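Protein chains in written order, with the numbering used here: chain A, 1 to 466; chain B, 1 to 103.
Below, the structure written as structure tokens:
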């Protein structure tokens, strides 16, 4: 056995190790060490908890078996998952944290003596509030992440699902939740507790269905944040410092990421959450479609242009991930470098379906991270660059964001590809991007459209370069 | 006058939010995906609650409803812990600097 004070100190140590784990991510060199700190912190927390529980017979056996089962499933997924599927993996993992929080809260509600919270039917009010909040946020995280997972995986359509009175319904459900928790504190009724969980599960679904596929970076960050708050809520219930510290860290981390993503789209958080944005704009843009002249080229032209350039900037977007073109892209860059061309990569904050998505894909393709730049670092370089190779990105390069206050993307920071001497757009068709607006760049004199699958086109260009 | 222990925990909570705020702003944007996967892994420290819940009580009652929810939460959290840390490790191993000696 282990004294309560010693136990608390160990939890504090693992909390500190988790802080160091996040701190390590400030640069790729220290990040691996950071991850190790995280693992050590987790091992300490689990280890001391098992020792303090002091049950080394049947229960312990079950525990080890379940840890092994869960651990092998997790390890299997971690090694098998392709990097392009990272967003749905993270969404899936969030749902597990959410559900685990719900289960722990249920367990604490059914058997409060274990956690010194009172007895069934006579649980301390503060603990009751904490555990219902933990269960509620956990349940929202669970179903919300499942919807996000289904949308990212393509099982469910990425287009927003909206209906009349949606926000009103959410508001009503929110009010019902608060009053249920209030009456739960008064009556301690089991049924009310189950109703809190059920309604929260419903709210999670309703919150995420109106949000469009390309807003997923915000949704994933937001759910990341929720999973943290749920953990913190449970931490308060169980009076556990490790959980409180971790919950606060994860909660603020997710909130910051959501903020960065919203800023990358120049939209307010509420605007994204209320959703339904992409749908209305698409209909208006289709009718104003007129035939404008477009210069389209082939791989030979593109190879010629880039070979004779002195500097090329690559702008990857979600289309690159869909086409799995990152490896081909790296080969193309290698071929260009052999010809003495200077190549760098420019990444928009909301490129892809989750924060940092493009960076991971490029890293997977062995692109050194010091050739990859963020928007602010590289945006001035476009003016001095000969060719911008835009692969699978669209809205993030649209100059309309700077000129037309009517445009839905007005004010969004964009990559200034139009300033480079020529622009190569790899795209399947002229179809507008997710925002549903036409990109003026397609029709400019210095733009060459390469209509093809991103990967096939890049491979063609490689052939022409060699 | 005694201060309610809740206030201490609440102080820890608020200060941790501030720590999180400053630490996360210093994370380089290129590592935002690993940041999400690692925060995911560490939030599974909720497993400590699951363990306490699962191992509570006498051994003959180890499969009570409350314990079973604890055991279920252990599996979920274990998937997350192993999956989260390992996938982070795998991603971070891919981030390489430019090689000085060209092959």
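Ideal Cβ placement from N, Cα and C applies to all residues, glycine included. Bear in mind the structure is a predicted one, so any value in this text is a computation, not a measurement.
Residues of the segment 82-99 of chain A that bring their beta carbon within less than 8 Å of a beta carbon in chain B comprise 83, 86, 89, 90, 93, 94, 96, 97 and 99, in sequence order.
In the structure shown, residue 449(A) adopts extended strand secondary structure according to DSSP, grouped into three states. DSSP places residue 196(A) in the helix class (H, G or I) of the three-state scheme.
Contact of residue 389(A) with chain B by beta-carbon distance below 8 Å is absent, the smallest such distance being about 19 Å.
Chain B places a beta carbon closer than 8 Å to that of residue 239(A), counting this residue as a contact. Cβ-Cβ distances below 7 Å link residue 102(A) to 135, 138, 139, 142 and 197 in the same chain, with the five nearest sequence neighbours on each side left out; the list follows chain order. Fewer than three Cβ pairs drawn from the segment 213-226 of chain A and the segment 297-312 of chain A lie within less than 8 Å of each other, which leaves the two stretches out of contact.
Within the segment 336-364 of chain A, contact with chain B at the beta-carbon level (separation under 8 Å) is assigned to 347, 349, 354, 355, 356, 357, 359, 360, 363 and 364. With respect to residue 33(B), residue 359(A) sits close: the two C-beta atoms are nearer than 8 Å. Residue 315(A) places its beta carbon 8 Å or farther from that of residue 226(A). Here the C-alpha atom of residue 92(B) lies approximately 11 Å from the C-alpha atom of residue 36(A). For the options 256(A), 2(A) and 448(A), the alpha carbon positioned closest to that of residue 21(B) is the one of 256(A). Scanning chain B for C-beta atoms nearer than 9 Å to the C-beta of residue 71(A) yields 78, 79, 81, 82 and 83, reported in chain order. In this model, residue 95(A) and residue 145(A) are separated by some 5 Å (Cα to Cα). If you draw a straight line from the Cα of residue 446(A) to the Cα of residue 369(A), it comes to about 29 Å. Look at residue 451(A): its C-beta is not under 8 Å from any C-beta on chain B. Within the segment 322-394 of chain A, the alpha helix (DSSP H) runs of at least 4 residues that lie entirely inside it are, in chain order, 326-338, 357-364 and 375-378. As DSSP reads the structure, residue 461(A) sits in no beta bridge. Residue burial annotation: residue 3(A) is exposed, with fewer than 16 other C-beta atoms found within 10 angstroms of its C-beta.
As computed with DSSP, residue 425(A) is found in a beta bridge with 390(A) and 449(A). DSSP places residue 212(A) outside both helix and strand once states are collapsed to three, so it counts as coil.
Here residue 311(A) is bridged, per DSSP, to 342(A).
Contact with chain A is absent for residue 3(B), since none of that chain's Cβ atoms lies less than 8 Å from the residue's Cβ.
Residue 11(A) and residue 240(A) do touch by the CB rule: their CB atoms are close to 6 Å apart, below 8 Å.
For residue 85(B), the enclosing alpha helix (DSSP H) begins and ends at 65-94. Apart from the 5 residues on each side of it in sequence, residue 104(A) sits with its Cβ closer than 7 Å to the Cβ of 234 in its chain, given in chain order. DSSP, reduced to helix, strand and coil, places residue 35(A) within a helical segment of the structure shown.
Residue-level contact by beta carbon holds for residue 227(A) and chain B, with a gap shorter than 8 Å. With respect to the C-alpha of residue 90(A), the residue from 438(A), 431(A) and 353(A) having the closest C-alpha is 353(A). Using a CB distance cut-off of 8 Å, residue 7(B) does not count as an interface residue toward chain A.
With a contact defined as Cβ atoms closer than 8 Å, residue 184(A) and residue 132(A) qualify at about 6 Å. Assignment of beta strand (DSSP E) within the segment 144-211 of chain A, counting only whole runs of 3 or more residues, yields no such run.
Contact of residue 114(A) with chain B is assigned, a C-beta pair being separated by under 8 Å. Only residues of its own chain outside the window of five on either side were considered, and among them 67, 70, 71 and 74 have a CB closer than 7 Å to the CB of residue 54(B), listed in chain order. Rounded to whole angstroms, residue 55(A) and residue 413(A) show a C-alpha spacing of 57 Å. Residue environment for residue 172(A): exposed (fewer than 16 other C-beta atoms within 10 angstroms of its C-beta).
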